[in-house]
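Asks: Structure in structure tokens, see below.
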Amino acid sequence: MAKLFNYTPKLVNLLVTAEASYGQLTSQVRIPSLALRLSKENKVLATHFSTSIEGNPLTQVEVTNIVLGDKVPITKSEKEVKNYFEVLNRISVLARERKSLTLELTLSLHKDLMKGVSSVRDVGKLRNESVIVGHRDVAGAVHVKHNPPAHTAQEIEQLLTKLYEDVSSDKENHPLIVAGVLHHGFVYIHPFVDGNGRLGRILTAYYLLLNGYEVTKYFILDDYYDIDRLEYSDMLHGADSGDKTKWLEYFIEGINYSLRVAIKRVEDLQGQNVDEVTGTKRVLVSKKEEEVIQLLLEKKVLKAQDLVESFGITRQRAGYLLNSLTKKGIIRKQGKTKSSYYELVTSN
2 MAKLFNYTPK LVNLLVTAEA SYGQLTSQVR IPSLALRLSK ENKVLATHFS
52 TSIEGNPLTQ VEVTNIVLGD KVPITKSEKE VKNYFEVLNR ISVLARERKS
102 LTLELTLSLH KDLMKGVSSV RDVGKLRNES VIVGHRDVAG AVHVKHNPPA
152 HTAQEIEQLL TKLYEDVSSD KENHPLIVAG VLHHGFVYIH PFVDGNGRLG
202 RILTAYYLLL NGYEVTKYFI LDDYYDIDRL EYSDMLHGAD SGDKTKWLEY
252 FIEGINYSLR VAIKRVEDLQ GQNVDEVTGT KRVLVSKKEE EVIQLLLEKK
302 VLKAQDLVES FGITRQRAGY LLNSLTKKGI IRKQGKTKSS YYELVTSN
């Protein structure tokens, strides 16, 4: 990756702090029930904040009712949050499968993100027209904040492919730095008519997942940006001139903020004894059992065949994992025939 920034003392200190905070957070959420609750809440919060940044008017309570309840989304705002939540679940599965960051994946995610909320001709397709990023003032005058570097689908495809090649091959810079470069680069290219901000944050989270940072499971990226949306936009487009140092300092500051918030939430939950599953004291789980729990959180119910297909393991191994988690009181089996399935044991 070409040199696009400087490792200032501030940036280095922010990276050191982020690593320490992430280590502290992951050590605090090793209890399955606590990790499960945190993951579910984080996906709701990420959905609320990321769509709110783009002007979605729904409250956090309304978002929760839509994505976790039985309410069928009807309005555009409701469909936006439902789509975003489902895409967050999808990238967790994709990261586990180690799917590379590609143009094909980007188009697929955009299609899922924008279905029912954008013109059919634009969903899952690169922009092939000129657009500008800006706003109108009260007098009706247009203030341009950003004019993307390309306005044909062919040019945009070339720019995106180059961006993905650069970030995927960068083994020199810290992953949090590369994530910030990806975040800016995607929004700078502005590859779609609509949905660029949301998808840019989704792809940033996906890159971090691929590089070992459990975004949404332990912390989120979007809460910091929603505090001051204008500052977020100004810092992001301030990097358009080439030097991304200030943007990266802001980006890592945001990660540190989100990690501090997550640590505080974990401490509050631990104080409420949320670390205990109903009828079961603290238990230890293996790494593979954690993956089963995460898959169950995403799918709501599981059969042994789901584990076989998701993890590439034998049916015997799948049965062993499910039986182990059942004995530990984390999941329970429903039914006794071939149609039986497993669900989480939750506190009431």
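Here my numbering = 1-based position in the sequence shown + 1. Even for Gly, the Cβ is constructed at its ideal location relative to N, Cα and C. Just so it is clear, the structure is predicted and the values come from calculations on it, not from any experiment.
Counting C-beta neighbours from all protein chains within 10 Å, is the total for residue 155 16 or more, i.e. buried, or is it exposed?
Replies: Here the question's residue 155 lines up with position 154 in the sequence shown. Under this definition residue 155 is an exposed residue.
Asks: Return helix, strand or coil for residue 91, following the three-state DSSP convention.
Replies: Locating residue 91 in the sequence shown gives position 90, counting from the first residue. Three-state result, residue 91: helix.
Asks: Would you check if the region 36-46 and the region 260-271 touch, i.e. whether three or more CB-CB distances between them fall below 8 Å?
Replies: Contact between the region 260-271 and the region 36-46 is present, because at least three Cβ pairs lie under 8 Å.
Asks: Identify whether residue 344 lies in helix, strand or coil by the three-state DSSP scheme.
Replies: Walking along the sequence shown from the start, residue 344 turns up at place 343. Three-state DSSP puts residue 344 in a strand.
Asks: Specify the secondary structure class of residue 283 as computed by DSSP and reduced to three states.
Replies: One-based indexing of the sequence shown puts residue 283 at position 282. Reliability of the predicted coordinates at residue 283 is poor, the pLDDT of 43 falling under 50, and no value is obtained from them.
Asks: Once the 5 residues before and after residue 77 are set aside, which same chain residues still bring their CB inside 6 Å of it?
Replies: Numbered from its first residue, the sequence shown carries residue 77 at position 76. Contacts found: 118.
Asks: Starting from the Cα of residue 317, find the closest Cα among 310, 327 and 305 and give me that residue.
Replies: Taking the sequence shown and counting its residues from 1, the one referred to as residue 317 is at position 316. Nearest C-alpha to residue 317: 305.
Asks: With a CB to CB cut of under 6 Å and the five nearest residues on each side skipped, what residues in its chain are close to residue 281?
Replies: Here residue 281 refers to the residue found at position 280 when the sequence shown is read from its first residue. Because residue 281 sits at a pLDDT of 38, beneath the cut-off of 50, its placement in the model cannot be relied upon, and the following sentence gives the value as read from the coordinates. Cβ neighbours of residue 281 beyond the five flanking positions: 330.
Asks: Which residue comes first and which comes last in the beta strand (DSSP E) that contains residue 334?
Replies: Within the sequence shown, the letter at position 333 stands for residue 334. Counting along the chain, the beta strand (DSSP E) containing residue 334 begins and ends at 332-335.
Asks: Identify, in the order they occur along the chain, each residue of the same chain with its Cβ nearer than 6 Å to the Cβ of residue 236, setting aside the five sequence neighbours on each side.
Replies: For the purposes of this step, residue 236 is identified with residue 235 of the sequence shown, where counting begins at 1. Closer than 6 Å at the Cβ level, and outside the excluded window around residue 236, lie 248 and 251.
Asks: Could you pull out every residue in the same chain whose Cβ sits closer than 8 Å to the Cβ of residue 92, ignoring the five residues on either side in sequence?
Replies: Locating residue 92 in the sequence shown gives position 91, where the first residue counts as 1. Around residue 92: 110, 203, 206, 207 and 210.
Asks: Among the residues of its own chain, which have a CB less than 8 Å from the CB of residue 9, if the five just before and after it don't count?
Replies: For the purposes of this step, residue 9 is taken as the residue at position 8 of the sequence shown. Answer for residue 9: 246 and 250, listed in chain order.
Asks: Give me whichever residues DSSP pairs with residue 220 in a beta bridge.
Replies: For this step, residue 220 is matched to residue 219 along the sequence shown. 216, per the DSSP bridge assignment.
Asks: Between which two residues does the alpha helix (DSSP H) harbouring residue 240 extend?
Replies: For the purposes of this step, residue 240 is identified with residue 239 of the sequence shown, where counting begins at 1. Element bounds for residue 240: n/a, residue is neither H nor E.
Asks: Classify residue 335: buried if its beta carbon has 16 or more other beta carbons within 10 angstroms, exposed otherwise.
Replies: Indexing the sequence shown from 1 puts residue 335 at position 334. Residue 335 is exposed by the Cβ-count criterion.
Asks: In whole angstroms, give me the CA-to-CA distance for residue 407 and residue 90.
Replies: Any answer about residue 407 is impossible in this case: the structure gives the chain only from 2 up to 349.
Asks: Compute the Euclidean distance between the alpha carbons of residue 64 and residue 342, then round it to the nearest angstrom.
Replies: Here residue 64 corresponds to residue number 63 of the sequence shown, with the count starting at 1. Here residue 342 corresponds to residue number 341 of the sequence shown, with the count starting at 1. If I take the Cα positions, the gap works out to 28 Å.
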